[in-house]
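S.K.: One structure, pasted below without further comment.
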Amino acid sequence: MKKIKSLISFIDITFVVLISGFLLYIFVDIFNISKTLKEMQKDKIALAIKNEKETLTTLLKYNFTDELKNEIKKIISHSKDIKNIEINLSNRVFRFNSYESENKMSFKIKEGEIVVYYENNLIKRFFEKYFVRFLIYFLIFFPIIFLLFWYIRTKILKLNLLAKRLEKINFKKISSIEKVDAFYEIENITKAVNTLLKQVNLFYKNQKEFLHRIVKYKNQLETAQSISEMFSWDYDCKEKRFSIMGKNIKILNLKKIKTLDDFLSHFEEEDKKAFKKKLKSACLNNESFEMIHTFITDENKKFYFKSVGKFIKGKVIGVSLNVTEEIKRQQKIEFLAYHDPLTSLPNRAYLKEEFSRLLNIAKRNNKKIAVLYLDLDNFKMVNDTLGHENGDKLLITIANRLKSVLRKSDFISRIGGDEFIILLYGIKDKNSIKEVINKIVNSLKEPINIKQTPIYPTFSIGCAVYPDDSTNMDELLKFADIAMYEAKNKGKNSSKFINEELKKQVNEYYNITNELKSALEKEDELILFFQPQIDLKHKKVRGAEALIRWNHPKRGLLSPFHFISYAEKSNLITYIDRYVLKKAFETLKKWQKYFPDLILSINISPNEFRQSDFISNLKNMLNIYKINPNRLELEITETISMQDIAYTVNILEEVKALGFKIAIDDFGTGYSSLNYLKKLPFNTLKIDQTFIKDLEKDVDDLIITEMIVQIAKVLKKETVAEGVENKKILEIIKNLEVDVAQGYYFAKPMPKESFERFVRNFDYNKFE
Amino acid sequence: MKYLFLFFIFFSFLAANINELLYIEAKLYTKIIKISNFQKKNKKIVIDLIYDKDSVKIAKKMAKFLEKNGVDVRMDTVPNFSEADAYILVTKKISDKFKKRLLRTKKLIFSIYPDMIKDSMVSIYIGAKVKPIINLYLIKKASIYINPIILKVAKIYEKD
Numbered sequence: 142m143k144k145i146k147s148l149i150s151f152i153d154i155t156f157v158v159l160i161s162g163f164l165l166y167i168f169v170d171i172f173n174i175s176k177t178l179k180e181m182q183k184d185k186i187a188l189a190i191k192n193e194k195e196t197l198t199t200l201l202k203y204n205f206t207d208e209l210k211n212e213i214k215k216i217i218s219h220s221k222d223i224k225n226i227e228i229n230l231s232n233r234v235f236r237f238n239s240y241e242s243e244n245k246m247s248f249k250i251k252e253g254e255i256v257v258y259y260e261n262n263l264i265k266r267f268f269e270k271y272f273v274r275f276l277i278y279f280l281i282f283f284p285i286i287f288l289l290f291w292y293i294r295t296k297i298l299k300l301n302l303l304a305k306r307l308e309k310i311n312f313k314k315i316s317s318i319e320k321v322d323a324f325y326e327i328e329n330i331t332k333a334v335n336t337l338l339k340q341v342n343l344f345y346k347n348q349k350e351f352l353h354r355i356v357k358y359k360n361q362l363e364t365a366q367s368i369s370e371m372f373s374w375d376y377d378c379k380e381k382r383f384s385i386m387g388k389n390i391k392i393l394n395l396k397k398i399k400t401l402d403d404f405l406s407h408f409e410e411e412d413k414k415a416f417k418k419k420l421k422s423a424c425l426n427n428e429s430f431e432m433i434h435t436f437i438t439d440e441n442k443k444f445y446f447k448s449v450g451k452f453i454k455g456k457v458i459g460v461s462l463n464v465t466e467e468i469k470r471q472q473k474i475e476f477l478a479y480h481d482p483l484t485s486l487p488n489r490a491y492l493k494e495e496f497s498r499l500l501n502i503a504k505r506n507n508k509k510i511a512v513l514y515l516d517l518d519n520f521k522m523v524n525d526t527l528g529h530e531n532g533d534k535l536l537i538t539i540a541n542r543l544k545s546v547l548r549k550s551d552f553i554s555r556i557g558g559d560e561f562i563i564l565l566y567g568i569k570d571k572n573s574i575k576e577v578i579n580k581i582v583n584s585l586k587e588p589i590n591i592k593q594t595p596i597y598p599t600f601s602i603g604c605a606v607y608p609d610d611s612t613n614m615d616e617l618l619k620f621a622d623i624a625m626y627e628a629k630n631k632g633k634n635s636s637k638f639i640n641e642e643l644k645k646q647v648n649e650y651y652n653i654t655n656e657l658k659s660a661l662e663k664e665d666e667l668i669l670f671f672q673p674q675i676d677l678k679h680k681k682v683r684g685a686e687a688l689i690r691w692n693h694p695k696r697g698l699l700s701p702f703h704f705i706s707y708a709e710k711s712n713l714i715t716y717i718d719r720y721v722l723k724k725a726f727e728t729l730k731k732w733q734k735y736f737p738d739l740i741l742s743i744n745i746s747p748n749e750f751r752q753s754d755f756i757s758n759l760k761n762m763l764n765i766y767k768i769n770p771n772r773l774e775l776e777i778t779e780t781i782s783m784q785d786i787a788y789t790v791n792i793l794e795e796v797k798a799l800g801f802k803i804a805i806d807d808f809g810t811g812y813s814s815l816n817y818l819k820k821l822p823f824n825t826l827k828i829d830q831t832f833i834k835d836l837e838k839d840v841d842d843l844i845i846t847e848m849i850v851q852i853a854k855v856l857k858k859e860t861v862a863e864g865v866e867n868k869k870i871l872e873i874i875k876n877l878e879v880d881v882a883q884g885y886y887f888a889k890p891m892p893k894e895s896f897e898r899f900v901r902n903f904d905y906n907k908f909e
Numbered sequence: 003m004k005y006l007f008l009f010f011i012f013f014s015f016l017a018a019n020i021n022e023l024l025y026i027e028a029k030l031y032t033k034i035i036k037i038s039n040f041q042k043k044n045k046k047i048v049i050d051l052i053y054d055k056d057s058v059k060i061a062k063k064m065a066k067f068l069e070k071n072g073v074d075v076r077m078d079t080v081p082n083f084s085e086a087d088a089y090i091l092v093t094k095k096i097s098d099k100f101k102k103r104l105l106r107t108k109k110l111i112f113s114i115y116p117d118m119i120k121d122s123m124v125s126i127y128i129g130a131k132v133k134p135i136i137n138l139y140l141i142k143k144a145s146i147y148i149n150p151i152i153l154k155v156a157k158i159y160e161k162d
């Protein structure tokens, strides 16, 4: 504003100075011109006189008065400015006329002087013209200049006003200003200012929104950082300045941290070095880095942070995220991956790793390792009677006791429900092993009180030694396992070292299971044999029980006795069950046309019965083969049916709902509760052959069989007598009103074609 | 000395190119007569050329040059005092008597000889420049009006 004011003053002064200067210039100019004109006039006169001087003098000297007068007259008339000439000679004076004035010039001549009186006509003439012109120019240009000045001054004043308004503008409130003048340039400036103001307003608005958003985002970020327990930091590589943001993680007390050293003082020593190294490398090589490090608070709480740093424009900008939970979870996962969660003992995976490591060490150091395979005797009973929770308590106590009696160098792991494996590294001989076994046994002599019940747990222990028994880890474990089974078979609470015979059994086990796997893939080695079941009332073939046979390529036809136990141990039984079921469905599908009334019975193993997809598999097969489910009888053993009765009832209900028949197999050998039995939705009771085959000799068997038949009748169930081997037994069971007979008397299990022939040719009278 | 020198020059000049000099004089004198308003209107200038027997040839030549300039020339051994507008002396032998009578005619008296200026009104001066020389005493004595222009170009004869 002051500048504009001073500008106006300056213009005013300039105008005055210019006018004054102009006038002064005119004055000086006039003065100079006058002077020059005077000089010119003098020169002109001088020139005129110079030319005439001699003539005039001569004329006067020789007294040519007339000629002199004429000459002077001529000079005066020519000159216009010269008004009189006076010639002063020593002896005479000539004066042309009486005119005198101050304007006179004297010219020295030899005899005297010539005085010329003149008028400044040149100046007069000049100024007459000059002033006229000046007046004309002045009258024309001065108003123009004045108007121009006035105009500029007015506009500058308007500009001044505009500037004042601009000065007072609060761009937050005013989006435009009024124009102060209609003057084109001012209007343009006003327009430009208004446009600028709009842009400024818009910019301010955007900036405000932007700032608002930034604050919002900052808060959100801080909240997010707080929630996610993270903070950011930056490190100026050049200035070595460190700053930290996200200070709202109160527990870390980050506000205290001012320098990098402050920050690193919370790190563990190793992490501190690593972080410094990475930070330095990031600064030098424009690198990014990522590391997980500790952060120990002032309260000595340990956290884990994942820090990611990136070099950007001379700074390493980083984010640190609290990954304590993640790390702990990871550690837990790692722990769980290698430990049994119940006892915290290493699990099978850990065992294998450790065993492998120890084997390498033992190999290098020529040491022995004893593998003890421990299986808790009767643990299932504890679980069943006292519940799983107490079973778990028992296991924990046992694990602790085992740990307490073992050396630190010994390795103990829990690999199954009640199975433990102990590795004794550097053991000397069997005696030393036995000493350890004795310690283990002694540790369990003291009873463990569960629910105020003293329990005396015992172990069956199998043992194999590296390198005496094998140098292969899996083989050693296998041998110890087999030895443990052998010990258990011996009567529990005992230990057994692996020996050559057992090793042979083990090898046989593995050979058979491998061959079984191969047989299952081929589908022509495992075949179904059919033992006819005779309906005694209607004297016809009721159906058959499908029994699996293994047509072994080397050993010939093998009964289930030779391979089922191996299948159960190796878990191949599941595949065999499904195989048998599939073959049964195929057979019934074929029989639908020729033997639609025949009932095919198949044995369902406990393993298959417990499979979660047992029912869905049945449904699936039914959908595939579209057979009459009433022609398929699923046999479950009495023992299975009485275990977890609720589960059994549910499954059997579903089986029955699908339309299948259900038979309770080997009835009389288990511990059936009549109360439970009446709940089971079965169709047939199969009396175990142990009662039937001695019927003719053993009165007890006869009474039991009679009772079973009576129970079946009460429950309105069909009875099947297995093991009918002669006519006498047939007669007895007929008298006992058994519904169906099955046994060698009628036929041994036979291939399908033979059975079909048997059915076609069956004549009951032949057996009476 | 001066006149001796002039004389010598004159004769040298005369000897070299008397005709040229006579031509210049003829032309110069005619002009002087004209600017001195001695010329009668619509009437030729009449010049009385006074010569002697020694200068007949020169006089004739002079007369011839004068005539070429449109001048009516009368050649006399004795001046005719009545009709001439001016007199040109082509002689050095002129008596005082004649001289006085010529003065009384109030006509311009020219002499072709520079050294005769004392007895004539106008003659020719031969110096760095060739220009007329006038004898203002005689002109004043004869009360003849002289055009001051002549003074500007002519040399003024001063008595010794």
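Protein chains in written order, with this note's numbering: chain A, 142 to 909; chain B, 3 to 162.
Each residue gets a CB set at the ideal place from its N, CA and C atoms; glycine is no exception.
Remember, it's a predicted structure, so these values are computed and weren't measured experimentally.
Name the one or two DSSP bridge partners that Lys681/A has.
M.R.: Along the first sequence, read from residue 1 onward, the residue named residue 681/A stands at position 540. Asp676/A, per the DSSP bridge assignment.
S.K.: Going by beta carbon distance, what residues of the same chain come within less than 7 Å of Lys456/A, once the five residues before and after it are set aside?
M.R.: In the first sequence, residue 456/A corresponds to position 315, counting from 1. Around Lys456/A: Asp375, Tyr376, Asp377 and Cys378.
S.K.: Look at the alpha carbon of Leu420/A and the alpha carbon of Phe436/A, and state the distance between them as a whole number of angstroms.
M.R.: As a position in the first sequence, residue 420/A is number 279, starting the count at 1. As a position in the first sequence, residue 436/A is number 295, starting the count at 1. Distance between the alpha carbons of Leu420/A and Phe436/A: 17 Å.
S.K.: Quick one: what's Ile589/A bridged to in DSSP?
M.R.: Here residue 589/A refers to the residue found at position 448 of the first sequence. DSSP lists Ile596/A as partners of Ile589/A.
S.K.: Counting only beta-carbon atoms, is Lys142/B nearer than 8 Å to chain A?
M.R.: Position 140 of the second sequence, counted from the first residue, corresponds to residue 142/B. Closer than 8 Å to some Cβ of chain A, the Cβ of Lys142/B qualifies, so yes.
S.K.: With 16 other CB atoms within 10 Å as the buried threshold, where does His407/A fall?
M.R.: Counting from one through the first sequence, the residue named residue 407/A turns up at place 266. With 16 or more Cβ atoms within 10 Å of its Cβ, His407/A is classed as buried.
S.K.: Which term fits Met142/A, buried or exposed, when burial requires 16 or more other beta carbons within 10 angstroms of its beta carbon?
M.R.: Taking the first residue of the first sequence as position 1, residue 142/A is located at position 1. Note that Met142/A scores a pLDDT of 48, beneath 50, so its modelled location is shaky and nothing firm can be said.
S.K.: State the DSSP-derived secondary structure class of Glu350/A, mapped to helix, strand or coil.
M.R.: Position 209 of the first sequence, counted from the start, is the residue given in the question as residue 350/A. Here Glu350/A sits in helix by DSSP.
S.K.: Rounding to the nearest angstrom, what Cα-Cα distance links Glu475/A and Leu799/A in this structure?
M.R.: For the purposes of this step, residue 475/A is identified with residue 334 of the first sequence, where counting begins at 1. For the purposes of this step, residue 799/A is identified with residue 658 of the first sequence, where counting begins at 1. One C-alpha to the other measures close to 46 Å.
S.K.: Indicate whether at least one CB of chain A lies closer than 8 Å to the CB of Leu30/B.
M.R.: In the second sequence, the residue the question calls residue 30/B occupies position 28. It does not; no Cβ of chain A falls within 8 Å.
S.K.: Under the rule that 16 or more other beta-carbon atoms within 10 Å means buried, what is Tyr292/A, buried or exposed?
M.R.: Here residue 292/A is taken as the residue at index 151 of the first sequence, counted from 1. By the 10 Å Cβ count, Tyr292/A comes out exposed.
S.K.: Helix, strand or coil: how does DSSP classify Asp570/A here?
M.R.: Residue numbering aside, residue 570/A sits at position 429 when the first sequence is read from its first letter. It is coil, neither helix nor strand.
S.K.: Check Gly162/A in the structure and name its three-state DSSP category.
M.R.: The count along the first sequence starts at 1 and reaches residue 162/A at position 21. In this structure, Gly162/A counts as helix in the three-state DSSP scheme.
S.K.: Leu547/A: which of Glu560/A, Ile568/A and Asp559/A sits nearest, CA to CA?
M.R.: Against the first sequence, residue 547/A aligns to sequence position 406. Looking at the Cα atoms, Ile568/A is the closest of the given residues.
S.K.: Report the neighbours of Lys154/B on chain A: residues whose CB is nearer than 9 Å to its CB, in chain order.
M.R.: Here residue 154/B corresponds to residue number 152 of the second sequence, with the count starting at 1. Asn192, Glu193, Glu195 and Thr196, listed in chain order.
S.K.: Is it buried or exposed, Asp841/A, if we count other Cβ atoms within 10 angstroms and call 16 or more buried?
M.R.: Along the first sequence, one-based indexing puts residue 841/A at 700. Exposed: under 16 other Cβ atoms inside 10 Å.
S.K.: Whose C-alpha, out of Val75/B, Ala88/B, Met123/B and Lys95/B, is nearest the C-alpha of Leu153/B?
M.R.: Looking up residue 153/B in the second sequence gives position 151. Closest option to Leu153/B, Cα to Cα, is Met123/B.
S.K.: Are the segment 182-199 of chain A and the segment 215-225 of chain A touching, with three or more C-beta to C-beta distances below 8 Å?
M.R.: Taking 8 Å as the limit for Cβ pairs, the verdict is that the segment 215-225 of chain A does touch the segment 182-199 of chain A.
S.K.: Span of the beta strand (DSSP E) holding Lys249/A?
M.R.: Numbered from 1 along the first sequence, position 108 holds the residue referred to as residue 249/A. Where Lys249/A is concerned, the enclosing beta strand (DSSP E) stretches over Lys245 to Ile250.
S.K.: Looking at the structure shown, is Asp74/B part of a helix, part of a strand, or coil, going by DSSP?
M.R.: Here residue 74/B is taken as the residue at index 72 of the second sequence, counted from 1. Asp74/B: strand per DSSP, three-state reduction.
S.K.: Residues of chain B with CB under 7 Å from Phe205/A, in chain order?
M.R.: Within the first sequence, residue 205/A is the residue found at index 64, counting from 1. The answer, in chain order, is Lys142 and Ile148.
S.K.: Just mark His353/A as buried or exposed, buried being the case when its beta carbon has 16 or more other beta carbons within 10 Å.
M.R.: Sequence index remark: in the first sequence, residue 353/A carries index 212 (1-based). His353/A comes out exposed.
S.K.: So what does DSSP say about His480/A, is it helix, strand or coil?
M.R.: As a position in the first sequence, residue 480/A is number 339, starting the count at 1. His480/A falls in the strand class under three-state DSSP.
S.K.: Name the one or two DSSP bridge partners that Thr435/A has.
M.R.: In the first sequence, residue 435/A corresponds to position 294, counting from 1. Tyr445/A, per the DSSP bridge assignment.
S.K.: Check this for me: beta carbons of Thr825/A and Ile833/A, under 8 Å apart or not?
M.R.: By 1-based counting over the first sequence, the position of residue 825/A is 684. By 1-based counting over the first sequence, the position of residue 833/A is 692. No, the Cβ-Cβ distance between Thr825/A and Ile833/A is not below 8 Å.
S.K.: Just curious, the alpha helix (DSSP H) that Thr778/A is in, first and last residue?
M.R.: Translated into the one-based positions of the first sequence, residue 778/A becomes position 637. Careful: Thr778/A lies outside any alpha helix (DSSP H), inside the beta strand (DSSP E) at Leu773 to Thr778.
S.K.: Exposed or buried, Leu585/A, counting other C-beta atoms within 10 Å across all chains shown (16 or more means buried)?
M.R.: Residue numbering aside, residue 585/A sits at position 444 when the first sequence is read from its first letter. By the 10 Å Cβ count, Leu585/A comes out buried.
S.K.: At what residues does the beta strand (DSSP E) containing Asp402/A begin and finish?
M.R.: Along the first sequence, one-based indexing puts residue 402/A at 261. First-last for Asp402/A: Leu401 to Leu405, but that is the alpha helix (DSSP H), not the beta strand (DSSP E).
S.K.: Ignoring anything shorter than 4 residues or poking outside the segment 731-797 of chain A, list the alpha helix (DSSP H) runs there in chain order.
M.R.: Listed in chain order, they are 747-750, 755-766 and 779-783.
S.K.: Could you tell me whether any Cβ in chain A is nearer than 8 Å to the Cβ of Ile119/B?
M.R.: Stepping through the second sequence from its first residue, residue 119/B is reached at position 117. No, no contact with chain A.
S.K.: Scan the segment 229-314 of chain A and note each continuous beta strand (DSSP E) run of 3 residues or more that stays entirely inside, going in chain order.
M.R.: With a minimum length of 3 residues, the continuous beta strand (DSSP E) runs that stay inside the segment 229-314 of chain A are 234-236, 245-250 and 253-259.
S.K.: At a CB-CB cut-off below 9 Å, which residues of chain B make contact with Thr199/A?
M.R.: Translated into the one-based positions of the first sequence, residue 199/A becomes position 58. Result: Leu138, Pro150, Leu153 and Ile158.
S.K.: Please classify Met142/A: does DSSP put it in a helix, a strand, or coil?
M.R.: Taking the first residue of the first sequence as position 1, residue 142/A is located at position 1. With a pLDDT of only 48 at Met142/A, under the threshold of 50, the placement of this residue in the model should not be trusted; the figure read from the coordinates follows. DSSP places Met142/A in coil when its eight states are reduced to three.
S.K.: Roughly how far, in whole angstroms, is the beta-carbon of Leu462/A from the beta-carbon of Met371/A, given that I think they are within contact range, below 8 Å?
M.R.: Position 321 of the first sequence holds residue 462/A. Position 230 of the first sequence holds residue 371/A. That belief holds up - the Cβ atoms of Leu462/A and Met371/A are roughly 4 Å apart, short of 8 Å.
S.K.: Take the Cβ of Ala605/A as the centre, count every other Cβ of all protein chains shown within 10 Å, and call the residue buried at 16 or more, exposed below.
M.R.: Stepping through the first sequence from its first residue, residue 605/A is reached at position 464. That one is buried.
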